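Numbering (the numbering used here), first residue to last: 3 to 273.
For reference, the structure discussed in these notes is given below.
The following block contains the structure:
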């Protein structure tokens, strides 16, 4: 694309840009409420781990959500395993771009962001203090993220720039395709669990806890987290951060989201 094409592209973006960020972006990246939920989650994580957590919270390969079983800890050192994006790292630069110029997900742009966006990120509220407390107690911090292995150095720089510490690909940073070549995270979790007693998992998507949550039905997926033995894990080994901006949670039509027996019609509309 020539210079005139670039100029036209920017003009089009500016003329069609929304006057305000979408509500989900306002909530996650700007609101006190969003920050408070994140701080709350990290404080709960810290209390749980420092309170004597000693059992793994990584499901073994043949476990189910209805009958969970856990990787053995034995004498392994303790660790907390987290997703990165919108769990410990807020991608302010690229998400502002997306908010100003909405459109389909651009994989190439995201790759460029992973390579060059390390100075346009910040830590999720509560993460830096939690990491410091956990490290002081001898608990390792490990990331399991679907960022690309091709851009590993950019991710290492971004985590450091956000004040989260130094991480090394293959040791304390696991990326998409590592271990088994898959985007699902169970294989990486199992590999990490060979080396560490993973006492807590932290994420903003259900896949950050188990690939078994890849359930097509919206209602069944929601029920899977609120019933049976899994329901007891939230805040007790599994910790969720808010993300209304993107991800597997954002799906479902009206009939999926709103139960038919709870519908209501404004009496004014019935006249």
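Beta carbons: idealized from backbone N, C-alpha and C, even for Gly.
These numbers come from a predicted model, not from an experiment.
Query raised in the report: So, do the segment 142-156 and the segment 165-184 have three or more beta carbon pairs nearer to each other than 8 Å?
Result: Yes: the two stretches touch, three or more of their Cβ pairs being nearer than 8 Å.
Requested in this report: Examine the ligand MG and report whether any of its heavy atoms sits within less than 7 Å of the Cβ of residue 210.
Outcome: The ligand content of the structure shown is nil, which means the ligand MG is not present either.
Query raised in the report: How far does the alpha helix (DSSP H) with residue 123 in it reach, from first residue to last?
Result: First-last for residue 123: undefined, no H or E at that position.
Query raised in the report: Quick one: what's got a C-beta closer than 7 Å to residue 168's C-beta in the same chain, skipping five residues either side?
Result: 162.
Query raised in the report: Taking the C-alpha atoms as reference points, what is the distance between residue 232 and residue 216?
Result: 15 Å
Query raised in the report: Do you know offhand how far residue 157's Cα is from residue 263's?
Result: 47 Å
Query - Cα-Cα separation between residue 41 and residue 272, rounded to whole angstroms - result: 45 Å
Report task. Determine the direct distance from the alpha carbon of residue 19 to that of residue 85, and round the result to whole angstroms. Result -> 31 Å
Query - residue 82 - containing beta strand (DSSP E), residue span - result: 80-84
Requested in this report: Might you give, ordered along the chain, the residues of its own chain that have their beta carbon closer than 7 Å to the beta carbon of residue 184, omitting 5 neighbours on each side?
Outcome: none
Query raised in the report: residue 123 and residue 92 look like a contact to me (Cβ under 8 Å); what is the Cβ gap, rounded to whole Å?
Result: At roughly 6 Å, the Cβ-Cβ gap stays under 8 Å, so residue 123 and residue 92 are in contact.
Query - Proximity of residue 135 and residue 90 at Cβ, strictly below 8 Å - result: no
Report task. Output the distance between the C-alpha atoms of residue 114 and residue 270, rounded to the nearest integer angstrom. Result -> 52 Å
**Report entry** Boundaries of the alpha helix (DSSP H) in which residue 72 is found, first to last residue
**Finding:** Unbroken run through residue 72: none, as it is neither H nor E.
Query raised in the report: residue 54 to residue 255, Cα distance in whole Å?
Result: Each residue's alpha carbon lies about 43 Å from the other.
Query - Simplified DSSP state of residue 267, which is helix, strand or coil - result: coil
Query raised in the report: What did DSSP end up calling residue 30 once you bin it into helix, strand or coil?
Result: DSSP places residue 30 in the helix class (H, G or I) of the three-state scheme.
Query - Identified DSSP bridge partners for residue 205 - result: 242
Query raised in the report: If you check the beta carbons only, do residue 188 and residue 243 fall under 8 Å apart?
Result: Not a contact, by the Cβ cut-off of 8 Å.
Query raised in the report: Cβ atoms of residue 249 and residue 213: under 8 Å apart, would you say?
Result: Cβ atoms of residue 213 and residue 249: not closer than 8 Å.
Requested in this report: Using three-state DSSP, classify residue 260 as helix, strand or coil.
Outcome: coil
Query raised in the report: Is residue 176 helix, strand or coil by DSSP?
Result: Strand, per DSSP.
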